[in-house]
Structure formats: C-alpha cells, structure tokens
C-alpha cells in the first residue's frame, strides 16, 4: 500500500450499516478521504427442489422503489455464522427448511466503498413449511423456476439483482463439477 491512515472515525451508526470516514496520506504527501459503509455481511441461498426448480422471492426494494426477483437472502447478525443465517433466511422468507446445505462461495458486493461480504449456499432436500417474515417482507411472493426460465428472465431484464446473478453462477459451476 502506498498510503497511511491518519484518522479513522465512525460518523454514523445505522441499523443496516455504519459509515466510517478515513483520512489518508499517500507516500507522495497527498491527502485523501475514504468513506466506507461498514456492513456485517449476509447469506444468500440457492434453494433447489428435488425436481430441479429453484426457489426465488419477489420483494419490494425501497432504494429502487420497485419489486425485484431474488434468491432468498438476509443480513448477518453481529458475529453470526453465515450458514445459520442462510438457514434462518430460507425459512423466514420461503417457509422451506433444508435437509442439507453446502457453501458455494462468497462475493464482495461493492468493494469500492462497502465491507459487505455475502456468503452463498446451496440448499437441498427442501421441506415446505411456514414462513416467518419480518414486517418489511409481508408482501413477498415465492416462485419456483427452472434454470431455463431463470436464464430467460435474466436475458429480458426481469432478474437484475447482483447477489442472485452471482449465486446462480456459483450454482451452475457447482453443477458442472458435480
């Protein structure tokens, strides 16, 4: 690295993320500011039924004032095991529980300004049950699609969520290697 952190301060503590501002000085003597959204991270679930259909949810996303089709996912609690989060979010959002769950990988969602890491899991041997949604998820809908149907939705712009696109890519790689 060609810089030193001269000062680091959390200037905002929020429910979803904190905002950290760092004052840095490059080896050249030039100064800079780095703003970082400090986020606990989350877990994403590629839930695949025995017939091969993948469970997706449609939910309202406030920043975009729109409904998005996504894989089930949620935010990690402080120091929470991502697998525990994945299992909780799957049931919370869809009602399904997984008989087995395997980690496929992880992604850095926006490494230019955010510390969020999403852990991506494959869930199988699904058993239906009752969801346990949070207040902001009450209008959520659950769908089952084949990979071909999902590919069509990606091509026509119906699926644009980055964690969903990444999770599906991890799943396709998993299928190629197993």
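Numbering (the working numbering), first residue to last: 147 to 324. Note that the Cβ used here is the ideal one computed from N, Cα and C, for glycine as well.
The three-state reading of DSSP puts residue 301 in helix, counting H, G and I together.
Taking a C-beta distance under 7 Å as the contact criterion, residue 188 and residue 220 qualify as a contact pair. By a beta-carbon distance limit of 8 Å, residue 166 does not contact residue 151. Their separation comes to about 10 Å.
Straight across, the Cα-Cα distance linking residue 279 with residue 287 is about 11 Å.
In this structure residue 238 is in contact with residue 277, their Cβ atoms being roughly 6 Å apart against a cut-off of 8 Å. Sequence-distant Cβ neighbours of residue 181 in its own chain, meaning closer than 7 Å and more than five residues away, are 165, 167, 259. In the structure shown, the three-state DSSP call for residue 294 is helix.
Here residue 179 is bridged, per DSSP, to 169. By the CB criterion at 7 Å, residue 190 and residue 275 fall outside the cutoff. Counting only runs of 3+ residues, the beta strand (DSSP E) found wholly inside the segment 213-259 occupies 219-221, 243-254, in chain order. By the C-beta density criterion, residue 156 is exposed, having fewer than 16 other C-beta atoms within 10 angstroms.
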